[in-house]
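What follows is a single structure, written as structure tokens, with notes after it.
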Amino acid sequence: MKVIIAVLSAVLLHCTQAMAAAQTGFFIDAPITGIQYVTSSGIEGQTDQGAYQFSDGDVVDFYLGEGPSAFHLASVSAEKWVSPNSMTVTHTRTINMTRLLLAMSDFNKSDNILTVNQAKISQPAVQDFLGELNLIELDTLAQRYDIEIPSVGEAAAHLQSSYQYIKQSLSSDEIVYAPRDTELRDILIKTRNYQGHLCFYNVDEIDNPSYVGPVGSTTYKITNKGIFEYPDNGDRYGSNDGVIASCDVDLRAKRTEEEFHEVSSFEGWSGLFACALKGCTRTNLSGYVVEEYDSGNSYKYRANAMTFNPSTQIVLNKKQGLGQHEKVDGPNNAEFIWFTFASRDVTPLSFEGQWQEKQINKEGVSYRCLDIKQGQVWATPFSDSHCRARNSAGFKNASVEFGDMWWLQSSAKDLYFYHLNIPVAWKDSNQTQHYTTWEYLPVSDSLNNGILYRYQQILDEKDQSLRTSQVSELTKL
Numbered sequence: 010m011k012v013i014i015a016v017l018s019a020v021l022l023h024c025t026q027a028m029a030a031a032q033t034g035f036f037i038d039a040p041i042t043g044i045q046y047v048t049s050s051g052i053e054g055q056t057d058q059g060a061y062q063f064s065d066g067d068v069v070d071f072y073l074g075e076g077p078s079a080f081h082l083a084s085v086s087a088e089k090w091v092s093p094n095s096m097t098v099t100h101t102r103t104i105n106m107t108r109l110l111l112a113m114s115d116f117n118k119s120d121n122i123l124t125v126n127q128a129k130i131s132q133p134a135v136q137d138f139l140g141e142l143n144l145i146e147l148d149t150l151a152q153r154y155d156i157e158i159p160s161v162g163e164a165a166a167h168l169q170s171s172y173q174y175i176k177q178s179l180s181s182d183e184i185v186y187a188p189r190d191t192e193l194r195d196i197l198i199k200t201r202n203y204q205g206h207l208c209f210y211n212v213d214e215i216d217n218p219s220y221v222g223p224v225g226s227t228t229y230k231i232t233n234k235g236i237f238e239y240p241d242n243g244d245r246y247g248s249n250d251g252v253i254a255s256c257d258v259d260l261r262a263k264r265t266e267e268e269f270h271e272v273s274s275f276e277g278w279s280g281l282f283a284c285a286l287k288g289c290t291r292t293n294l295s296g297y298v299v300e301e302y303d304s305g306n307s308y309k310y311r312a313n314a315m316t317f318n319p320s321t322q323i324v325l326n327k328k329q330g331l332g333q334h335e336k337v338d339g340p341n342n343a344e345f346i347w348f349t350f351a352s353r354d355v356t357p358l359s360f361e362g363q364w365q366e367k368q369i370n371k372e373g374v375s376y377r378c379l380d381i382k383q384g385q386v387w388a389t390p391f392s393d394s395h396c397r398a399r400n401s402a403g404f405k406n407a408s409v410e411f412g413d414m415w416w417l418q419s420s421a422k423d424l425y426f427y428h429l430n431i432p433v434a435w436k437d438s439n440q441t442q443h444y445t446t447w448e449y450l451p452v453s454d455s456l457n458n459g460i461l462y463r464y465q466q467i468l469d470e471k472d473q474s475l476r477t478s479q480v481s482e483l484t485k486l
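Listed below in structure tokens is the structure:
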């Protein structure tokens, strides 16, 4: 009897500890009910006015819909609140996730609550749409399946109001970021220039020491007395003499010496400088603003999105023109992404090992195992079964399919998480031109955990637009 009591006590204690460890977070695109979720600790359910349960250190996957046809929205570190802006690297996917959720939900404006319309999602056409969907191609697929999607402008305004809700209802006074006297690094990736032309890293130039493509970098430190700037490539794009294209960083302007800029008073300074000296809450470092103003030189109509991940300690800023406007010349769709992090916290990624590739297209979803080693990619045939770690049997060399993994080349330098967010132009063995958009959002402080999205695309040079021909999700086993 004593043994039984002891066992029951242990079980009850374990359950109590598990219950005590559970925390409540919120998925906010307006508080939304009906989003399915699964955490890495095994908690699962659906959001109730945004609320979901998680344990400390969890990674959480969110889904729209149920069963095998459910659309995977994102895999992110579980936090007190998450939003489409904090779940994605690119502005396009942020906006399109919001548009999708609005299209598939009923919105009660008076209560500011979204409820997933399960009856709509269960319709055969919508099931097929979700099964084939990738967020970059939202408009194309919605048109094919005759599904009405809110405009970019509507989604931008909705995101803006969502952040107002977060500030009013979920804000905390906890200081989560105070990088004073810390060496910081900014990585700026230009994905489209002011002329509307798409920007790519040209793999043909990998051995050119004067080429870094569309990737700018600055290193600095904020102190009480001023700002130190350290040698780095800089972020000057293009050159007046036409030698450097407007998408590429001009290394002739890079900083070669350390320099100190004394600041007598930081009074009135904002942004990262204020965070460094006074500390910032998460809401100080997060927001979505539609900017519309005359700067004196030109009229601005663009989205300015910022987010901070407490787990990875990475600040992500993304800006994009919001399309044509009567006061703006040209297509108004320039875009860049900007990472800020402490230099000491970011180390090279280990890319070698076994991965699962999940391939998504109009025929459905299929899987295969990849084994990446010594600069080569080995793969099993595609099947409808999830990949599991395995021995080398059944793998064949598939390296020719992965010329966009430029970091596997012997001349490539160390691989960092931001490299996995650079659009790539590459050629196969027949010298046929290809384009790939990569996206990777780390979900843990090691930065090695997250889904790597691979969008193989076709470039329309006249319209400067990309059509996605193949989508893959790569997950390390």
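Counting in our numbering, the sequence shown runs from 10 upward without gaps. By construction, the Cβ of each residue, glycine as well, lies at the ideal position given by its N, Cα and C atoms. Please read these numbers as outputs of a predicted model, since none were measured by experiment.
Which one of the options has the shortest CA to CA distance from residue i?
| i | options | result |
| --- | --- | --- |
| A60 | V91, S49, L73, A165 | V91 |
| A39 | A83, L123, D67, Q55 | L123 |
| L144 | K436, A83, K89, D65 | A83 |
| T356 | Y229, S408, L456 | L456 |
| D437 | S408, V452, S478 | S408 |
| A283 | E301, N326, I231 | I231 |
| T265 | N242, V252, P77 | N242 |
| K328 | N341, Q62, K118 | N341 |
| G225 | G54, F345, Q169, D216 | F345 |
| V185 | N249, S419, N439, T316 | T316 |
Taking the alpha-carbon positions, what's the residue i to residue j distance?
| i | j | result |
| --- | --- | --- |
| T103 | F36 | 14 Å |
| I52 | D472 | 46 Å |
| N313 | N293 | 14 Å |
| K234 | Q383 | 48 Å |
| A79 | A388 | 26 Å |
| V221 | D244 | 11 Å |
| N306 | S171 | 31 Å |
| L21 | A31 | Reliability fails at L21, whose pLDDT of 42 lies under 50, so the model's placement of it is uncertain and no value is given. |
| L415 | S359 | According to the sequence as given, residue 415 is Trp; it is not Leu. Straight-line Cα distance between these residues: approximately 15 Å. |
| D67 | I41 | 21 Å |
| S114 | P159 | 11 Å |
| N188 | D195 | Note that residue 188 is Pro in the sequence shown, not Asn. Taking the straight line joining both Cα atoms gives about 13 Å. |
| K89 | L286 | 25 Å |
| D65 | S50 | 9 Å |
| D393 | G403 | 16 Å |
If I measure Cβ to Cβ from residue i and keep anything under 7 Å in the same chain, skipping five residues before and after, which residues do I get?
| i | result |
| --- | --- |
| E183 | T290 |
| D303 | none |
| C208 | K199, T200, R201, N202, P223, C256, P432 |
| K371 | E141 |
| H81 | D70, Y72 |
Using a Cβ cut-off of 8 Å (strictly closer), state whether residue i contacts chain D.
| i | result |
| --- | --- |
| L417 | Judged by its chain identifiers, the structure shown contains no chain D, having just a single protein chain. |
Beta-carbon within less than 6 Å of residue i's beta-carbon, same chain only, minus the 5 sequence neighbours each way: which residues are those?
| i | result |
| --- | --- |
| I460 | S84, E482, T484 |
| T191 | A351 |
| E301 | Y310 |
| Y308 | K336, V337 |
Got a sec? Which residues, its chain only, sit under 8 Å from residue i by beta carbon, not counting five neighbours each side?
| i | result |
| --- | --- |
| E448 | T97, V98, T99, R102, L429, N430, L461, Y462, Y464 |
| D469 | L475, R476 |
| Q333 | P340, N341 |
I need the boundaries of the beta strand (DSSP E) containing residue i, first residue and last residue.
| i | result |
| --- | --- |
| D380 | 373-382 |
| V224 | 224-231 |
Start and end of the alpha helix (DSSP H) containing residue i?
| i | result |
| --- | --- |
| L150 | 147-153 |
| T107 | 100-112 |
| Y61 | Per DSSP, Y61 belongs to no alpha helix (DSSP H); it is in the beta strand (DSSP E), 60-64. |
| S95 | 93-96 |
| V135 | 133-141 |
| K129 | 127-130 |
Can you find a heavy atom of the ligand FAD that lies under 7 Å from the Cβ of residue i?
| i | result |
| --- | --- |
| C289 | The ligand FAD is absent from the structure shown, which contains no ligands of any kind. |
Runs of 3 residues minimum, wholly inside the stretch 295-354: which ones carry the beta strand (DSSP E) assignment?
296-303, 308-318, 323-330, 344-351
Could you give the uninterrupted runs of the beta strand (DSSP E) lying entirely in the stretch 158-214, keeping only those of 3 residues or more?
192-201
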